[in-house]
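Below is one structure; the comments refer to it alone.
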Amino acid sequence: MDKYDVIIIGGGPAGLSCAITLGSANDRFDWSKNRKYLVIDSGGSSDLLKAELNNVAGIKKGTVGKDLLEEIKKQALEYENIEIKNERVVKAEESGEGFQVETESGNVYKGDILVIATGFHEFSIEGLNVEVIDNVKSPRPGKVMIKHDGDFKVKDNLWVVGNAAGCFTMYAAAIGSGAHVACNIMSQWAGKNVVIHDVL
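Numbering (the working numbering), first residue to last: 1 to 200.
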């Protein structure tokens, strides 16, 4: 059974942003060495696939969401410590000091930390004792989110990002929440507040 430091369920902007931020820290600090990250994504469910982006700082007006998502995936895979698997998670449960995740195809993965990035259309993963509530920030009725502490923490070592966390349904809000949670996780490992900056 494969074991990871962080498993991220959902490969949309928020989930991939979280993975990229985590992956970029590898080997920079003692606490970040040899960490492994897994993104599990069923494909085809991200709202970015239907989007055209015209109002995102730093992104060219008219950018097609589908193309941008592919670029983000490529960027994530530039880090050797990030894996992306095209599978659908059906069950996730606490196991020992971490989490065990099972996919529709029967594969099982273990992770110390779990990040939920499944969007706001539904939450159908069995086994997690989380509170699914109405998504009050959604511009459309009938959408859901997972209740958290206001800083994206659901419980110890379980986090939620993006639309699943009740963020506004904007690309910039989604990627920001992913980076935010990555910084929370790294700060937990380091025992102090951590951000990852590069300088010229």
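For glycine and all other residues, C-beta sits at the position ideal for the given N, C-alpha and C. Only a predicted model underlies this, so the values are computations on that prediction, with no experimental measurement involved.
Which of the three DSSP states is assigned to residue i in this structure?
{"i": "I20", "result": "helix"}
{"i": "D67", "result": "helix"}
{"i": "K61", "result": "coil"}
{"i": "L48", "result": "helix"}
{"i": "K33", "result": "coil"}
{"i": "I72", "result": "helix"}
{"i": "L53", "result": "strand"}
Which stretch, first to last residue, makes up the beta strand (DSSP E) that contains residue i?
{"i": "L114", "result": "108-116"}
{"i": "D149", "result": "No beta strand (DSSP E) holds D149; DSSP gives it neither H nor E."}
{"i": "W159", "result": "158-160"}
{"i": "K137", "result": "Note, K137: premise wrong, no beta strand (DSSP E); not H, not E."}
{"i": "I125", "result": "Here I125 belongs to no beta strand (DSSP E), and DSSP marks it neither H nor E."}
{"i": "E80", "result": "Element bounds for E80: n/a, residue is neither H nor E."}
{"i": "V154", "result": "153-155"}
Spatial neighbours of residue i within its chain, please: CB distance less than 7 Å, with the 5 preceding and 5 following residues excluded, ordered by chain position.
{"i": "G166", "result": "N135, V136, K137, M145"}
To the nearest angstrom, how far is it from the Cα of residue i to the Cα of residue j?
{"i": "G142", "j": "F123", "result": "12 Å"}
{"i": "G176", "j": "S17", "result": "8 Å"}
{"i": "V181", "j": "R88", "result": "22 Å"}
{"i": "V161", "j": "G111", "result": "17 Å"}
{"i": "E131", "j": "E71", "result": "33 Å"}
{"i": "S24", "j": "A117", "result": "19 Å"}
{"i": "V64", "j": "L53", "result": "6 Å"}
{"i": "I84", "j": "D41", "result": "7 Å"}
{"i": "G10", "j": "K50", "result": "17 Å"}
{"i": "K33", "j": "E104", "result": "31 Å"}
On the DSSP letters alone, give me the boundaries of the alpha helix (DSSP H) that residue i sits inside.
{"i": "A179", "result": "171-190"}
Pull the bridge partners of residue i from the DSSP assignment, please.
{"i": "S95", "result": "G98"}
{"i": "D2", "result": "Y109"}
{"i": "I196", "result": "DSSP output for I196 lists no bridge partner at all."}
{"i": "V130", "result": "Answer is none; V130 lacks a bridge partner."}
{"i": "V39", "result": "I8, I84"}
{"i": "V89", "result": "T103"}
Near residue i, what residues of its chain come up, given a Cβ to Cβ distance below 8 Å and the 5 sequence neighbours on each side ignored?
{"i": "A57", "result": "A172"}
{"i": "H121", "result": "S45, K143, V144"}
Under 6 Å Cβ to Cβ from residue i, same chain only, skipping five residues before and after it: list those, please.
{"i": "S187", "result": "N193, V194"}
{"i": "A190", "result": "W31"}
{"i": "K3", "result": "K110"}
{"i": "N107", "result": "none"}
{"i": "G178", "result": "A14, S17, C18, V161"}
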